[in-house]
Amino acid sequence: MKTIAKLMSVGQAAELINSGRYFNIAGDETVLKQLPQGNWIGGTIPYFMAEEGGTVTRDRVFVNEIEVFDEPPTIRFYDLESLPQLCRNAPEHGYTVVIVPAFSPCHSAFAENAPNYEDMYMKPLIGWVAGVHLDDLGKVSPKVMMGTTGELSDQHVVAIDVPLPPDKFANIDIINLFRPGDGDTITFDVTGFSATNCKINGKDASFADYLTANKVDTRLPLVADYCGAMINVSIKGIDEATKRVDFYAPIFPAVQYRIAAPVGDYVNGFQAALPQLDTGITFSCNCILNYLHSNLEGKRTAQITGPITFGEIAYQLLNQTLVYLTIS
Amino acid sequence: MKAEDLLHKLLDIEAPWQIVRIREDLGRRQIDVWVAPQTTKGNWLFGAKTASISADREHAWRHINLGDTRCVIHSEVSLTAPPQPWRGEIGQPFTNAMSRQIAAMMRDGIKLQSICTFLDITVGDLWKFKHGLDSGKTGLASAAASASAEAATAVSKVPEPDSLVWSCLLDGSLNLDIRLLSLKLLLTKMREQMRVIIDPEVRVLKCYELQRFFVRYEKALGYELSQIEKLA
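Given below as structure tokens:
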């Protein structure tokens, strides 16, 4: 079955919702609020990779249909306390799509603790971090929405658990064009969204001073090799006064990071990195930092479409990475 | 056999240790037992020899249930006393015997929520225990191996849990070209855990955990399993 995955008007989305089918919807808060109640989860974001290319719009929503098989999906909110049950509650055979509001306590809790959740990596988990228009940063909070009740929240995570029949398999993968550069090995002693101290090739150092002294392009993420998966931690900024470096995802102790090698042409590189897939992509999202740093507005990333987000989730929180789900 | 002797036997308490106090509250389905080393003084409950537990050094551990009744054992914390099945580690919620029972259930793939239900223990205590194992802060050293898990792998290409493959994958001496993202992330996490886990039984538990992942996703792991097959 070919499912819908496209940018559309509120009216078109409302019509689909009223059909009773299940959806994962991204859009600006003002348009999400206009949608009728139904079988959908949503998150705020006005940036998209549409069929016509990178697009910013506050008037339309990106609708991803969720194919339903024998059993209906389950939609629920999680708060800070119940969030660790996310994977345990997931179906034994199926997958979960989750949306996390950026900058919320749930965002940081998920980022730091998800790898240790019960059943993590045992059940497919994909999702994205809701955001806002960059002009609205600090003025409006990113939110998620539970379509079944119409509740909008900047304090909850919304998830949809989708059971699959035994002959179907949900596969989650990533496309990350960044590779570790040939520079120094960087490690940290703590978990967190910020760091002052680090070890450069095993020697104690100030990370802020290191970045400044080496004129590091902070648009390039830190990259770590997780048994072949390149996992980024993007640099948010450097507070020169306190010598604190902030990140968009947590750094973890004992993980060896390197500053990424520069990526030349993102669009062509992306095309080259795109794997040959036997089945279509059911859901995907890409990072706002890739959108900004690679000037993706108006440009296409092959046939892959979806929201451009404040963080991507393929089991755990990722940065500057495209994540996608296929059902085979 | 006297009732007190039977209780000593049931709880695996041997001299010089002795039960010095019992509080039974059937309404709460819980029995609390205080255990201390024998002394030469008289005892109001269990005969000639008695002992006492210093309140500021007392620690309580949840022990294996007595029927449907929860059993909590109180004893003095001691860094020097040899391990006993009815004692636990400092800061841990369970006695060694209970830890062994839980570890066996985890090795058999029983879900944590189900373990909580079967044994009537709290999720919080179980997570504390699991965190202790994963972070290498606690072990099962005092537990005798109770190898039970015979996974149903008769027609599977996945090696048995006791195959060397799993420990080699976990300690990094064996590397595979991995395609499945979840395995890349899981193996990375488990290798981190193995760096700090020194207890041999907990390391075995981790091998079972990794093997279970392969059993669960055998169909999707053909590429990875073909590499393992070539090593055999």
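Heads up: the sequence lines are chains Z and F, in that order.
Sequential numbering of the first sequence, starting at -5, is according to our numbering.
Sequential numbering of the second sequence, starting at 240, is according to our numbering.
Beta carbons are placed, not taken as given, at the ideal position from N, Cα and C, and that holds for glycine.
Source: prediction; values computed, not measured.
Item checked: Closest by C-alpha distance to F/Asn414, when choosing among Z/Cys221, Z/Phe304, Z/Thr320 and Z/Thr190 -> Position 175 of the second sequence, counted from the first residue, corresponds to residue 414 of chain F. The residue with the shortest Cα to Cα distance from F/Asn414 is Z/Cys221.
Next item on the list: Determine the direct distance from the alpha carbon of Z/Leu171 to that of F/Lys469, and round the result to whole angstroms.
Entry: For the purposes of this step, residue 469 of chain F is identified with residue 230 of the second sequence, where counting begins at 1. For the purposes of this step, residue 171 of chain Z is identified with residue 177 of the first sequence, where counting begins at 1. One C-alpha to the other measures close to 31 Å.
Check: If you draw a straight line from the C-alpha of F/Asp271 to the C-alpha of F/Ala342, how long is it?
Finding: Residue mapping note: residue 271 of chain F aligns to position 32 of the second sequence, counting from 1. Residue mapping note: residue 342 of chain F aligns to position 103 of the second sequence, counting from 1. Each residue's CA atom was taken as its position, placing F/Asp271 and F/Ala342 some 23 Å apart.
Next item on the list: Can you have a look at Z/Leu325 and say buried or exposed, based on whether 16 or more other CB atoms are within 10 angstroms of its CB?
Entry: Only positions -5 to 322 of chain Z appear in this structure, which leaves residue 325 of chain Z out of reach.
Next item on the list: Using a Cβ-Cβ cut-off of less than 7 Å, list which residues of the segment 337 to 368 of chain F approach chain Z; keep chain order.
Entry: Within the segment 337 to 368 of chain F, the residues whose Cβ lies closer than 7 Å to some Cβ of chain Z are Leu351 and Gln352, listed in chain order.
Notebook entry, point to check: Which one or two residues does DSSP pair with Z/Ser200 in a beta bridge?
Noted result: Counting from 1 along the first sequence, the entry for residue 200 of chain Z is found at position 206. According to DSSP, which records beta bridges pairwise, Z/Ser200 is partnered with Z/Asn191.
Check: Going along the segment 459 to 471 of chain F in order, which residues come within less than 8 Å of chain Z, judged by CB to CB distance?
Finding: Residues Ala459.
Next item on the list: Return no unless some Cβ of chain F is closer than 8 Å to the Cβ of Z/Cys221.
Entry: Start at 1 with the first residue of the first sequence, and residue 221 of chain Z comes out as number 227. Yes, because at least one Cβ of chain F sits closer than 8 Å to the Cβ of Z/Cys221.
Next item on the list: Closer than 8 Å by beta-carbon distance: list the chain F residues that pair up with Z/Tyr309, in chain order.
Entry: If you number the first sequence from 1, residue 309 of chain Z lands on position 315. What Z/Tyr309 touches in chain F: Leu420, Ser421 and Leu424.
Note to self: Along the chain, where does the beta strand (DSSP E) containing Z/Tyr242 start, and where does it finish?
What the structure shows: Your numbering for residue 242 of chain Z matches position 248 in the first sequence. Boundaries of the beta strand (DSSP E) around Z/Tyr242: Arg238 to Ile245.
Notebook entry, point to check: From F/Ser402 to F/Cys446, what does the alpha carbon distance come to, in whole angstroms?
Noted result: Within the second sequence, numbered from 1, the residue matching residue 402 of chain F stands at position 163. Within the second sequence, numbered from 1, the residue matching residue 446 of chain F stands at position 207. Distance between the alpha carbons of F/Ser402 and F/Cys446 is about 9 Å.
Next item on the list: Can you grab the Cα-Cα spacing for the pair F/Ser385 / F/Ala275, in whole Å?
Entry: Start at 1 with the first residue of the second sequence, and residue 385 of chain F comes out as number 146. Start at 1 with the first residue of the second sequence, and residue 275 of chain F comes out as number 36. Caution applies to F/Ser385, whose pLDDT of 37 falls short of 50 and renders its modelled position unreliable; the model cannot decide the point.
Check: Going by beta carbon distance, what residues of the same chain come within less than 7 Å of F/Ala388, once the five residues before and after it are set aside?
Finding: As a position in the second sequence, residue 388 of chain F is number 149, starting the count at 1. The predicted position of F/Ala388 is uncertain, since its pLDDT is 38 and thus under 50; a value taken from the coordinates is nonetheless stated next. If we look at F/Ala388 and ignore the five residues flanking it on each side, its Cβ neighbours are Arg346, Asp347, Pro400 and Tyr447.
Next item on the list: Consult DSSP for Z/Lys230 and reduce its assignment to one of helix, strand or coil.
Entry: One-based indexing of the first sequence puts residue 230 of chain Z at position 236. It is a strand residue.
Item checked: Counterpart residues of F/Gln269 in DSSP-defined beta bridges -> Reading the second sequence from its first residue, position 30 is the one you call residue 269 of chain F. Answer is F/Asp264 and F/Arg309.
Check: What separation, rounded to the nearest whole angstrom, lies between the Cα atoms of Z/His101 and Z/Met2?
Finding: As a position in the first sequence, residue 101 of chain Z is number 107, starting the count at 1. As a position in the first sequence, residue 2 of chain Z is number 8, starting the count at 1. Between the C-alpha atoms of Z/His101 and Z/Met2 there is a straight-line separation of about 28 Å.
Checklist line | F/Arg339 versus Z/Ser200 - alpha carbon distance | finding: Counting from one through the second sequence, the residue named residue 339 of chain F turns up at place 100. Counting from one through the first sequence, the residue named residue 200 of chain Z turns up at place 206. Their backbone Cα atoms lie some 45 Å apart in a straight line.
Next item on the list: Return the residue from the list Z/Tyr72, Z/Ile166, Z/Thr299 and Z/Pro118 that minimises the CA-CA distance to Z/Phe264.
Entry: Position 270 of the first sequence, counted from the start, is the residue given in the question as residue 264 of chain Z. Residue nearest to Z/Phe264 within the set Z/Tyr72, Z/Ile166, Z/Thr299 and Z/Pro118 is Z/Thr299 (criterion: CA-CA distance).
Notebook entry, point to check: Shortest alpha-carbon distance to Z/Asp259 belongs to which of Z/Thr295, Z/Lys230 and Z/Arg82?
Noted result: For the purposes of this step, residue 259 of chain Z is taken as residue 265 along the first sequence, with counting starting at 1. Cα-wise, what sits closest to Z/Asp259 is Z/Thr295.
Check: Does any C-beta atom of chain Z lie closer than 8 Å to the C-beta of F/Lys428?
Finding: Within the second sequence, residue 428 of chain F is the residue found at index 189, counting from 1. Closer than 8 Å to some Cβ of chain Z, the Cβ of F/Lys428 qualifies, so yes.
Notebook entry, point to check: Quick one, are the C-beta atoms of Z/Lys137 and Z/Glu23 less than 8 Å apart?
Noted result: Translated into the one-based positions of the first sequence, residue 137 of chain Z becomes position 143. Translated into the one-based positions of the first sequence, residue 23 of chain Z becomes position 29. One thing to note: Z/Lys137 has its Cβ within 8 Å of the Cβ of Z/Glu23.
Check: Going by Cα to Cα distance, which pick from Z/Gln28, Z/Thr38, Z/Asn107 and Z/Asp73 is closest to Z/Phe246?
Finding: Taking the first residue of the first sequence as position 1, residue 246 of chain Z is located at position 252. Of the residues Z/Gln28, Z/Thr38, Z/Asn107 and Z/Asp73, the one whose Cα lies closest to the Cα of Z/Phe246 is Z/Asn107.
Checklist line | Z/Leu74 versus Z/Ala84, Z/Ser98 and Z/Cys81, residue with shortest Cα-Cα distance | finding: Locating residue 74 of chain Z in the first sequence gives position 80, counting from the first residue. The shortest C-alpha separation from Z/Leu74 is found at Z/Ser98.
Notebook entry, point to check: Would you say F/Glu457 faces chain Z, with C-beta separation under 8 Å as the test?
Noted result: For the purposes of this step, residue 457 of chain F is taken as residue 218 along the second sequence, with counting starting at 1. Output row for F/Glu457: interface = no.
Next item on the list: For F/Asp251, I'd like the list of residues in its chain whose CB is within less than 8 Å of its CB, leaving aside the five on either flank, ordered along the chain.
Entry: Within the second sequence, numbered from 1, the residue matching residue 251 of chain F stands at position 12. Cβ neighbours of F/Asp251 beyond the five flanking positions: Gln323, Pro324, Trp325 and Ala336.
Item checked: DSSP beta-bridge partners of Z/Trp34 -> Reading the first sequence from its first residue, position 40 is the one you call residue 34 of chain Z. DSSP output for Z/Trp34 lists Z/Phe17 as bridge partner(s).
Checklist line | Straight-line gap, Z/Leu131 to Z/Ala96 (C-alpha atoms, nearest Å) | finding: For the purposes of this step, residue 131 of chain Z is taken as residue 137 along the first sequence, with counting starting at 1. For the purposes of this step, residue 96 of chain Z is taken as residue 102 along the first sequence, with counting starting at 1. Z/Leu131 and Z/Ala96 have their C-alpha atoms roughly 11 Å apart.
Notebook entry, point to check: What do you get for Z/Gly14, buried or exposed, if any count of 16 or more other CB atoms within 10 angstroms of its CB means buried?
Noted result: The count along the first sequence starts at 1 and reaches residue 14 of chain Z at position 20. Its Cβ having fewer than 16 others within 10 Å, Z/Gly14 is exposed.
Margin query: My output table needs one value for Z/Thr299: the three-state DSSP class, helix, strand or coil.
Written below: In the first sequence, the residue the question calls residue 299 of chain Z occupies position 305. Coil.
Note to self: Using C-beta distances below 8 Å, list every residue in its chain close to F/Lys367, excluding the 5 sequence neighbours before and after it, in chain order.
What the structure shows: Within the second sequence, the letter at position 128 stands for residue 367 of chain F. Within its own chain, the residues whose Cβ lies closer than 8 Å to the Cβ of F/Lys367, once the five positions on either side in sequence are excluded, are Gln331 and Pro332, listed in chain order.
Check: Can you name the start and end residues of the alpha helix (DSSP H) that F/Phe357 belongs to?
Finding: Here residue 357 of chain F refers to the residue found at position 118 of the second sequence. Here the alpha helix (DSSP H) through F/Phe357 covers Leu351 to Leu358.
Item checked: For Z/Arg54, three-class secondary structure by DSSP -> Reading the first sequence from its first residue, position 60 is the one you call residue 54 of chain Z. Residue state, collapsed to three classes: strand.
Next item on the list: Give the DSSP-derived three-state secondary structure of F/Leu325 in the structure shown.
Entry: Taking the second sequence and counting its residues from 1, the one referred to as residue 325 of chain F is at position 86. Per the sequence shown, the amino acid found at residue 325 of chain F is Trp instead of Leu. Looking at F/Trp325 - three-state DSSP - the assignment turns out to be coil, as it is neither helix nor strand.
Notebook entry, point to check: Per DSSP, Z/Lys0 is paired with what?
Noted result: To locate residue 0 of chain Z, count along the first sequence from 1; it is residue 6. Partner(s): Z/Val57.
Check: Tell me, which residues are paired with F/Trp256 by DSSP?
Finding: Taking the second sequence and counting its residues from 1, the one referred to as residue 256 of chain F is at position 17. In the DSSP secondary-structure assignment, F/Trp256 is bridged to F/Pro276.
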